[in-house]
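Protein chains in written order, with this note's numbering: chain A, 1 to 129; chain B, 1001 to 1129.
Data first, discussion second: the structure below is written as structure tokens.
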DNA sequence: CGGAATCCTGAGAGATACTG
DNA sequence: CAGTATCTCTCAGGATTCCG
């Protein structure tokens, strides 16, 4: 199976979906911290502002990475959840975590000692689809 | 092992290194097409221009992802190669490819049929460090 | 060949205030 | 609570030319 079977580059395509600032941070907080709500993201994502957060959430919903559900209570409640497609980004997320945990232990860990993803998240290598 | 051992987020840290436009494209061409030279990147990376390419290469060298070697011939020859650290980004690269190959087969493949990374690259899941 | 130097532009991000 | 509405502004990136 050769590279000739490609019409466009899958890496370029993926980058267009997740490459914008904060997109992976939102995915991270949904996948690893189980955050679901607007102000939760706003309060816990480094340096994000409501305008940008709103824009990212809309893009991600349009791309099918997340779902948006409105609960008509007072006060209103809106929850965002990862779709199965969004969950498939966890492989990228873990590889990203692994890279910094290996190469930047002093910045990443309080005690400065490197750890593996398996140690921290108790997870094994994500399958390649 | 809990999330409390983190000083800063490894995903955020990685994103700061590879999140800029074209960085992963350069890594891709080095890792998968064995490109090594300035004009090779310039000619084969979609929409890049010399100024941005130059900036990315410098950042990447400074970050220790690539090495720069000058061969004093006429005309001068300069080669860029992935360091071991740069090679450790291949796991992310493969996960990125896998995502689009699974979810966007019609955009990615000429025949529109999904393939796995294993089928295309004859490679198994990258290890998580 | 491998860039550096300019100049230019606009998308996108930041800050803040406001609203249903 | 979950967003809009402005308004400002920077700087990443594009286009082009030139240089050792």
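For every residue, glycine included, the Cβ atom is placed at its ideal position computed from N, Cα and C.
Using a Cβ-Cβ cut-off of 6 Å (strictly less than) and excluding sequence neighbours within five positions of residue i, which residues of its own chain qualify?
i: residue 89 (chain A); result: 27
i: residue 62 (chain A); result: none
i: residue 999 (chain B); result: With chain B represented from 1001 up to 1129, any question about residue 999 (chain B) goes unanswered, as that position is not in the structure.
i: residue 48 (chain A); result: 22
i: residue 76 (chain A); result: none
i: residue 1074 (chain B); result: none
With respect to the alpha helix (DSSP H) encompassing residue i, which residues constitute its N-terminal and C-terminal limits?
i: residue 1059 (chain B); result: 1050-1062
i: residue 18 (chain A); result: 10-18
i: residue 27 (chain A); result: 23-32
i: residue 89 (chain A); result: Per DSSP, residue 89 (chain A) belongs to no alpha helix (DSSP H) and is neither H nor E.
i: residue 1118 (chain B); result: 1117-1121
i: residue 105 (chain A); result: 105-108
Determine the closest residue to residue i out of the options, with distance taken between C-alpha atoms.
i: residue 92 (chain A); options: B:1048, B:1006, B:1012 and B:1004; result: B:1012
i: residue 1038 (chain B); options: B:1116, B:1081, B:1122 and B:1096; result: B:1081
i: residue 1017 (chain B); options: B:1045, B:1029, B:1032 and B:1060; result: B:1060
i: residue 31 (chain A); options: A:129, A:121 and A:125; result: A:121
i: residue 1067 (chain B); options: B:1075, B:1050, B:1087 and B:1005; result: B:1087
i: residue 1004 (chain B); options: A:5, A:33 and A:19; result: A:33
Counting only the same chain and skipping the five closest in sequence on each side, list residues whose C-beta sits under 7 Å from that of residue i.
i: residue 1106 (chain B); result: 1112
i: residue 1029 (chain B); result: 1035, 1041, 1044 and 1045
i: residue 115 (chain A); result: 101 and 109
i: residue 50 (chain A); result: 42
Kindly give me the distance between the Cβ atoms of residue i and residue j, rounded to whole angstroms, as I take these residues to be in contact under 8 Å.
i: residue 83 (chain A); j: residue 65 (chain A); result: 6 Å
Looking only at its own chain, which residues have a Cβ that is under 8 Å from the Cβ of residue i, when we skip the five neighbours before and after it?
i: residue 1127 (chain B); result: 1091
i: residue 117 (chain A); result: 94, 97, 98, 101 and 123
i: residue 1052 (chain B); result: 1021 and 1022
i: residue 1078 (chain B); result: 1037, 1038, 1068, 1069, 1070 and 1071
i: residue 14 (chain A); result: 92
Do residue i and residue j have their C-beta atoms closer together than 7 Å?
i: residue 108 (chain A); j: residue 1010 (chain B); result: yes
i: residue 85 (chain A); j: residue 1025 (chain B); result: no
i: residue 125 (chain A); j: residue 1054 (chain B); result: no
i: residue 1110 (chain B); j: residue 110 (chain A); result: no
Since residue i is in the beta strand (DSSP E), which residue starts that stretch and which ends it?
i: residue 35 (chain A); result: Premise fails: residue 35 (chain A) is in no beta strand (DSSP E) and is neither H nor E.
i: residue 66 (chain A); result: 66-71
i: residue 79 (chain A); result: 77-82
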